[in-house]
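*Asks:* Numbering (my numbering), first residue to last: 163 to 615.
Positions of the beta carbon are idealized from the N, C-alpha and C atoms, including for glycine.
In this text, all values refer to a predicted model and were calculated from it rather than measured experimentally.
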Amino acid sequence: MPVHPIEYRYGSKEMREIFEISTKYKLMAEVEAALAKAEAQVGLIPKEAAEHIVKAVRDGRIRPERIFELEKVTQHETMALVLTIAEQAGPYGEYVHFGATSNDILDTALALQLKQAITLVKHRLISLTRSIIERGREALNLICLGRTHGIAALPMPFGFKLAVWASIMKNNLERLNSVESRVVRGKMSGAIGTMASFYGKGREIQSLVMQELGLREADISTQIVPRDSLAELISTLALISSTLELIANEIRNLQRTEIAEVEEPFKERKQVGSSTMPHKRNPIRSEKVCGLARIMRGLAVAAFENVVLEHERDLTNSSVERIMIPEAFLIVDEQLRSLEYVVKNMVLKEEAMKENLKRAGDLIMAERVMLELARRQMGRQKAHELIRNLSMRAMKERKSFLDLLSQEPLVLEKISKDEISSLLDPATYLGESKEVAEKIFKSTEEFLDSITT
């Protein structure tokens, strides 16, 4: 039975398949086949040897079970793979892995896995971003209460929140595109990276192997590809994860009973909110997204620890990466799928938004009155102090802010009573928020179209 929740609870089937051990061994074998083809092309091994090695790899004869058996004997994963291929290549098996070191195979196979996993994450990010834009446009005419420090601040279109989210998702895609170009790189440079084992053909062999596999070459490597780019990738995934938490945290806060402006989708016929409280409808998906972000940030620390290795390499990074890399991608994959479901199906409660605006009262328009007084030559600092005092009185004495403004001579010298009433209408104090939001939606859509065509 599974032990780790990653094995059965988090992450999609597609992402899990990328990091299954059978996939890893298949990709490692493909790297060995590409190496044999390149070495035959430059005359380092016989052409027939390369043909037999490629045939052994691509005929599906490399079984993980045999690799496991041989690893128990050799205590060396890559050597177990090499021996498995060699068995199937017959007399030409002696040419398998010629001149290569383990991490030529491991790091290049990892690059192939990362390429697939990053592509899937980008696909999910794009899909989530489109859902955010769609819901954001729907919500541009919903006026809600903006809050700072958890306290009522100013009115705003609910869609403006989603425009902020869309902009952040665009940044995430740009970050991921950038780091992909540095981390998805293979190597074929032999022990410690000098290419001495390839008889002067190393650079040509490396180039041919990477062309065959569709990868960029590492600019330079020791026995391994330096781990700074991998740390950058994991920290980028952790940053993406944290931005997903930002959205999920906002949704779960807005679902609080006292606010109730948003609600996660809830399947009323069967879904259970509590084992004892039948009325509960909890934001469980958003909470899951927030919880998984904590694990992701911890994985970023592990990735940074892996940057520092001794001399041309040691093995301290290996065990960390076996756990860290699949976990990181499966966690972000789970967050993206869960959050997209929430965003697409969340219920936006317009009446609750109106009620919260009403409950906050006229005080949320204090800034507007203050600025209008300043604009009419009262002076900004004087106007601020006057409106601050009136606001404090309204809260302390539980009086109407409108009444206090309408009775204050210093205010009436500048603004009529009719004007005061109109200044306190939240729907007319949204600034350029709708225009800014629509600009973000449009530019983000254009960006998404540019990277998917």
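1. Assuming methionine 458 contacts serine 403 under a Cβ cut-off of 8 Å, what Cβ separation, rounded to an integer in Å, is found between them?
2. Between the alpha carbons of alanine 196 and lysine 442, how many angstroms are there, rounded?
3. Keeping to the same chain, check which residues put their C-beta closer than 8 Å to that of glutamate 467; ignore five residues upstream and five downstream.
4. Between the C-alpha atoms of isoleucine 413 and lysine 450, what's the straight-line distance to the nearest angstrom?
5. Kindly provide the ranges of any alpha helix (DSSP H) runs that are 4 or more residues long and lie completely inside the segment 511–541, ordered along the chain.
6. Go ahead and pull the three-state DSSP assignment for alanine 315.
7. As a quick exercise: from Leu492, Gly541, Lys558, pick the residue whose alpha carbon is nearest that of histidine 166.
8. So glycine 308 is in the beta strand (DSSP E); what residue range does that whole segment cover?
9. Decide yes or no for the touch test of the segment 411–431 against the segment 464–478: beta carbon pairs closer than 8 Å, at least 3 of them.
10. How close, in whole Å, do the beta carbons of lysine 596 and proline 319 come, if the pair is a contact with beta carbons under 8 Å?
11. Quick check for students: name the residue ranges of the alpha helix (DSSP H) that lie wholly in the segment 541–590, counting only runs of 4 or more.
12. Applying the 10 Å Cβ sphere with the 16-neighbour rule, what's the burial state of valine 219?
13. Does DSSP put valine 258 in a helix, in a strand, or in coil?
14. What does a CB cutoff of less than 8 Å around alanine 198 pick up in its chain, not counting 5 residues either side in sequence?
15. Out of Ile446, Gln417, Arg178, Leu316, state which residue places its alpha-carbon closest to the alpha-carbon of alanine 589.
16. Taking 7 Å as the cut-off, is the C-beta of histidine 166 nearer than that to any heavy atom in the ligand HEM?
17. Per DSSP, which residues does glutamate 379 bridge with? Please list them.
18. Nearest to phenylalanine 609 by alpha carbon, out of His546, Ile183, Ile288?
19. Can you tell which of Ser184, Pro488, Val371, Leu307 has the C-alpha that lies nearest to the C-alpha of leucine 392?
20. Rounded to whole angstroms, what's the CA-CA distance from proline 226 to alanine 328? Just pull it up for me.
21. What does DSSP give as the partner residue(s) for glutamate 425 in the beta ladder?
22. Which full runs of the alpha helix (DSSP H) of 4+ residues lie inside the segment 184–254, going along the chain?
23. Spatial neighbours of isoleucine 354 within its chain, please: C-beta separation below 7 Å, excluding the five flanking residues on both sides.
24. Would you mind working out which of Ser340, Leu416, Glu296 sits nearest glutamate 394, comparing C-alpha positions?
*Replies:* Short version:
1. In the sequence shown, residue 458 corresponds to position 296, counting from 1. In the sequence shown, residue 403 corresponds to position 241, counting from 1. Taking 8 Å as the upper bound for CB-CB distance, methionine 458 and serine 403 are in contact here, some 4 Å apart.
2. In the sequence shown, residue 196 corresponds to position 34, counting from 1. In the sequence shown, residue 442 corresponds to position 280, counting from 1. Across the structure, alanine 196 and lysine 442 are spaced so that their CA atoms are roughly 57 Å apart.
3. Here residue 467 refers to the residue found at position 305 of the sequence shown. In the same chain as glutamate 467, and ignoring 5 residues on each side of it, the C-beta atoms closer than 8 Å to its own belong to Val482, in chain order.
4. Walking along the sequence shown from the start, residue 413 turns up at place 251. Walking along the sequence shown from the start, residue 450 turns up at place 288. The alpha-carbon atoms of isoleucine 413 and lysine 450 are separated by roughly 12 Å.
5. List check, alpha helix (DSSP H) in window: 512–522, 528–537.
6. Here residue 315 is taken as the residue at index 153 of the sequence shown, counted from 1. Taken through DSSP and simplified to helix, strand or coil, alanine 315 comes out as strand.
7. Residue 166 sits at position 4 when you count from the first residue of the sequence shown. Taking only the C-alpha atoms, the option nearest histidine 166 is Leu492.
8. Position 146 of the sequence shown holds residue 308. Residues 305–310.
9. Pairwise C-beta distances place the segment 411–431 out of contact with the segment 464–478, as fewer than three of them are shorter than 8 Å.
10. Locating residue 596 in the sequence shown gives position 434, where the first residue counts as 1. Locating residue 319 in the sequence shown gives position 157, where the first residue counts as 1. Contact annotation, lysine 596 with proline 319: C-beta distance approximately 6 Å; criterion of less than 8 Å satisfied.
11. Considered as a whole, the segment 541–590 harbours 542–559, 563–569, 571–574, 579–585 as its complete alpha helix (DSSP H) runs of no fewer than 4 residues, in chain order.
12. Residue numbering aside, residue 219 sits at position 57 when the sequence shown is read from its first letter. Buried, because 16 or more other Cβ atoms sit within 10 Å of the Cβ of valine 219.
13. As a first step, residue 258 is located in the sequence shown; it is residue number 96 there, counting from the start. Here valine 258 sits in coil by DSSP.
14. Along the sequence shown, read from residue 1 onward, the residue named residue 198 stands at position 36. Taken in chain order, the residues that qualify are Ile207, Ala211, Ala212, Ile215, Val216, Tyr257, Val258, Phe260.
15. Working through the sequence shown from its first residue, we reach residue 589 at position 427. Here the closest residue by C-alpha is Leu316.
16. You won't find the ligand HEM in this model; it holds no ligand whatsoever.
17. Start at 1 with the first residue of the sequence shown, and residue 379 comes out as number 217. Under the DSSP definition of a beta bridge, glutamate 379 partners with Gly348.
18. Here residue 609 refers to the residue found at position 447 of the sequence shown. Answer by Cα proximity: Ile288.
19. Counting from 1 along the sequence shown, the entry for residue 392 is found at position 230. If we check each option's Cα against that of leucine 392, Pro488 comes out closest.
20. Numbered from its first residue, the sequence shown carries residue 226 at position 64. Numbered from its first residue, the sequence shown carries residue 328 at position 166. Between proline 226 and alanine 328, the alpha-carbon positions lie close to 43 Å from each other.
21. Reading the sequence shown from its first residue, position 263 is the one you call residue 425. Beta-bridge pairing links glutamate 425 to Val509.
22. The segment 184–254 contains these whole alpha helix (DSSP H) runs: 209–220, 226–236, 239–250.
23. Position 192 of the sequence shown holds residue 354. Excluding positions up to five away in sequence, the list reads Thr384, Gln385, Glu474.
24. In the sequence shown, residue 394 corresponds to position 232, counting from 1. Here the closest residue by C-alpha is Ser340.
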